[in-house]
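**Q** Handing you this structure, nothing more for now.
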Amino acid sequence: MSDLVTFGETMLRLSPPHGERLERTRTLDVQAGGAESNVAVAAARLGVDAVWLSKLPDSSLGRRVVSELRSHGVRTGIVWDDPAESRIGTYYLEPGTEPRGTDVIYDRADSAVTTTVPEELPLGAIRNSEVFYTSGITPALSETLSATTERVLAAAQDGESTTTVFDLNYRSKLWSPAEAREEFESLFPAIDVLVAAERDVRSVLEREGEATELARGLADDFGFETVVVTRGENGSVALHEGTVFEQDVYRAETVDAIGTGDAFVGGFLAKRLDGGGVGEALEYGSATASLKRTINGDLAVISPEEVDAVVQREAGGISR
Ligand code: KDG
Numbered sequence: 001m002s003d004l005v006t007f008g009e010t011m012l013r014l015s016p017p018h019g020e021r022l023e024r025t026r027t028l029d030v031q032a033g034g035a036e037s038n039v040a041v042a043a044a045r046l047g048v049d050a051v052w053l054s055k056l057p058d059s060s061l062g063r064r065v066v067s068e069l070r071s072h073g074v075r076t077g078i079v080w081d082d083p084a085e086s087r088i089g090t091y092y093l094e095p096g097t098e099p100r101g102t103d104v105i106y107d108r109a110d111s112a113v114t115t116t117v118p119e120e121l122p123l124g125a126i127r128n129s130e131v132f133y134t135s136g137i138t139p140a141l142s143e144t145l146s147a148t149t150e151r152v153l154a155a156a157q158d159g160e161s162t163t164t165v166f167d168l169n170y171r172s173k174l175w176s177p178a179e180a181r182e183e184f185e186s187l188f189p190a191i192d193v194l195v196a197a198e199r200d201v202r203s204v205l206e207r208e209g210e211a212t213e214l215a216r217g218l219a220d221d222f223g224f225e226t227v228v229v230t231r232g233e234n235g236s237v238a239l240h241e242g243t244v245f246e247q248d249v250y251r252a253e254t255v256d257a258i259g260t261g262d263a264f265v266g267g268f269l270a271k272r273l274d275g276g277g278v279g280e281a282l283e284y285g286s287a288t289a290s291l292k293r294t295i296n297g298d299l300a301v302i303s304p305e306e307v308d309a310v311v312q313r314e315a316g317g318i319s320r
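Using full-length UniProt numbering, the first residue of the sequence shown is number 1, and each one after it goes up by one.
Printed below as a string of structure tokens:
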């Protein structure tokens with residue numbers, strides 16, 4: 001039985017050296033990046049037995065992604081696809097710096113994972129996990145994956161003590177807000193813990209009010225056990241069984257913001273799996289996220305000692 005099972009696409013992330021533009025660079029740094037494996041890596045590095053499930057071409061590129069994730073302690077359950085008939089998703093990332101925004105170019109249409117059907121996945125492992133996590137990116141990738149997401153969430157729900165966790169992770173390059181909203185609302189009955197950026201709750205789920213009201217409205221309408229609303233620089237709010245928890249963001253010098261939300265979720269889940277309460281988990285998630293911002297790449301290459309040190313330093317009021 002594993003603590004955490006995640007399912008989703010991981011791509012090759014190709015980015016130019018700091019300060020260079022995609023248009024001109026002759027060098028691209030290659031790393032693995034994908035929301036669900038980012039969460040698994042953060043959690044694994046914090047001591048969680050984490051498994052990431054996906055489908056990849058059986059090629060050097062697919063193997064590269066797997067070996068990178070394994071090197072962080074993540075266990076993998078991969079459906080290996082014929083490389084002659086499948087491809088790996090790729091994304092090009094030119095990090096933004098004031099006053100220029102971040103440029104993301106996806107090259108992921110019809111990647112191997114988009115054909116994954118439930119019969120290819122270890123549904124027993126999902127059912128036996130303590131936490132099953134996927135995000136709104138997964139059902140956005142294909143009709144097949146939309147149906148598969150529904151089936152794997154149902155399998156997780158069949159587990160005697162599996163908590164299902166879903167991060168909206170709305171990606172405007174993949175679908176429209178209306179399409180996403182319809183899909184999300186059909187999946188919500190199978191979700192125990194919802195994580196959502198405040199901006200997505202407003203623009204995709206079309207809800208209004210303060211973060212706490214947003215969380216309360218969603219919990220009332222869909223019966224979530226916990227709703228976590230992340231508010232960027234304004235921290236996060238959680239509503240858990242009627243009680244509200246609030247958490248400030250921990251300041252950090254930002255080297256690379258991509259993956260910050262996933263690190264937050266990885267830290268949050270690690271603390272919950274360790275028996276921590278929701279307030280402590282928000283604190284831990286926030287500290288994990290702040291550390292991620294200091295690191296280049298999607299992955300939170302951090303240790304429990306570093307996260308503890310951030311939490312303690314902040315509690316001591318040294319660097320707030
Ligand atoms: O959360 C980080 C992800 O956005 C990044 O890894 C790319 O998975 C990705 C996606 O689909 O946007």
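Glycine residues also receive a C-beta, built at the ideal position from the N, C-alpha and C atoms.
Write down the C-beta distance between Leu205 and Ala219 rounded to the nearest angstrom, noting that I regard them as a contact closer than 8 Å.
**A** For the purposes of this step, residue 205 is identified with residue 205 of the sequence shown, where counting begins at 1. For the purposes of this step, residue 219 is identified with residue 219 of the sequence shown, where counting begins at 1. That pair is no contact at about 13 Å.
**Q** I'd like the list of long-range same chain contacts for Arg293, defined as Cβ closer than 8 Å, with 5 residues on each side in sequence excluded.
**A** Working through the sequence shown from its first residue, we reach residue 293 at position 293. Here the set comprises Ala252, Glu253, Thr254, Val255, Asp256, Ala257, Thr260.
**Q** Take Phe224 and list the residues in its own chain whose beta-carbon comes closer than 7 Å to its own, dropping the five residues that flank it on each side.
**A** Here residue 224 corresponds to residue number 224 of the sequence shown, with the count starting at 1. Only Ile191, Asp192, Val193, Leu194, Leu218 meet the Cβ criterion.
**Q** Identify whether Arg63 lies in helix, strand or coil by the three-state DSSP scheme.
**A** As a position in the sequence shown, residue 63 is number 63, starting the count at 1. Annotated three-state conformation of Arg63 is helix, per DSSP.
**Q** Determine the direct distance from the alpha carbon of Arg151 to that of Ser37, and round the result to whole angstroms.
**A** Along the sequence shown, one-based indexing puts residue 37 at 37. Along the sequence shown, one-based indexing puts residue 151 at 151. The alpha-carbon atoms of Ser37 and Arg151 are separated by roughly 20 Å.
**Q** What did DSSP end up calling Asp81 once you bin it into helix, strand or coil?
**A** What you label residue 81 is simply residue 81 of the sequence shown in a count that begins at 1. Asp81 falls in the strand class under three-state DSSP.
**Q** Helix, strand or coil for Leu123? Go by DSSP, reduced to three states.
**A** Indexing the sequence shown from 1 puts residue 123 at position 123. If DSSP states are grouped into helix, strand and coil, Leu123 belongs with the helices.
**Q** Tell me whether the beta-carbon of Ser290 lies closer than 9 Å to the beta-carbon of Val249.
**A** Locating residue 290 in the sequence shown gives position 290, where the first residue counts as 1. Locating residue 249 in the sequence shown gives position 249, where the first residue counts as 1. Yes, these two residues count as a Cβ contact at 9 Å.
**Q** Which of helix, strand or coil does DSSP assign to Ala238?
**A** In the sequence shown, the residue the question calls residue 238 occupies position 238. Strand.
**Q** Are at least three pairs of beta-carbons, each pair with one atom in the stretch 95 to 113 and one in the stretch 65 to 76, less than 8 Å apart?
**A** no
**Q** Is the closest heavy atom of the ligand KDG to the C-beta of Arg127 under 8 Å?
**A** Counting from 1 along the sequence shown, the entry for residue 127 is found at position 127. Result no, Cβ not under 8 Å from the ligand KDG.
**Q** Helix, strand or coil for Lys173? Go by DSSP, reduced to three states.
**A** In the sequence shown, the residue the question calls residue 173 occupies position 173. In the structure shown, Lys173 sits in coil (DSSP, three-state: anything other than H, G, I, E or B).
**Q** Around the Cβ of Lys173, are there at least 16 other Cβ atoms within 10 angstroms (buried) or fewer (exposed)?
**A** Here the question's residue 173 lines up with position 173 in the sequence shown. Counting Cβ neighbours within 10 Å, Lys173 comes out exposed, since fewer than 16 surround it.
**Q** Under 8 Å Cβ to Cβ from Pro122, same chain only, skipping five residues before and after it: list those, please.
**A** Looking up residue 122 in the sequence shown gives position 122. Once the five neighbours on either side are set aside, the close Cβ partners of Pro122 are Leu53, Gly77.
**Q** Counting Cβ pairs, one atom from each stretch, are 3 or more of them under 8 Å apart for the stretch 35 to 49 and the stretch 265 to 275?
**A** yes
**Q** Which stretch, first to last residue, makes up the alpha helix (DSSP H) that contains Leu214?
**A** Within the sequence shown, the letter at position 214 stands for residue 214. Run containing Leu214: 211 to 222, per the alpha helix (DSSP H) assignment.
**Q** At 4 residues or longer, and completely inside the stretch 229 to 294: list those alpha helix (DSSP H) runs for me, N to C.
**A** 260 to 273, 278 to 292
**Q** Are the stretch 137 to 153 and the stretch 171 to 187 touching, with three or more C-beta to C-beta distances below 8 Å?
**A** yes
**Q** Classify Ser2 as helix, strand or coil using the three-state DSSP reduction.
**A** Against the sequence shown, residue 2 aligns to sequence position 2. Coil.
**Q** With the cut-off set at 9 Å, would you say Glu9 and Thr149 are in Cβ contact?
**A** One-based indexing of the sequence shown puts residue 9 at position 9. One-based indexing of the sequence shown puts residue 149 at position 149. With contacts defined as CB atoms closer than 9 Å, Glu9 and Thr149 fail to qualify as a contacting pair.
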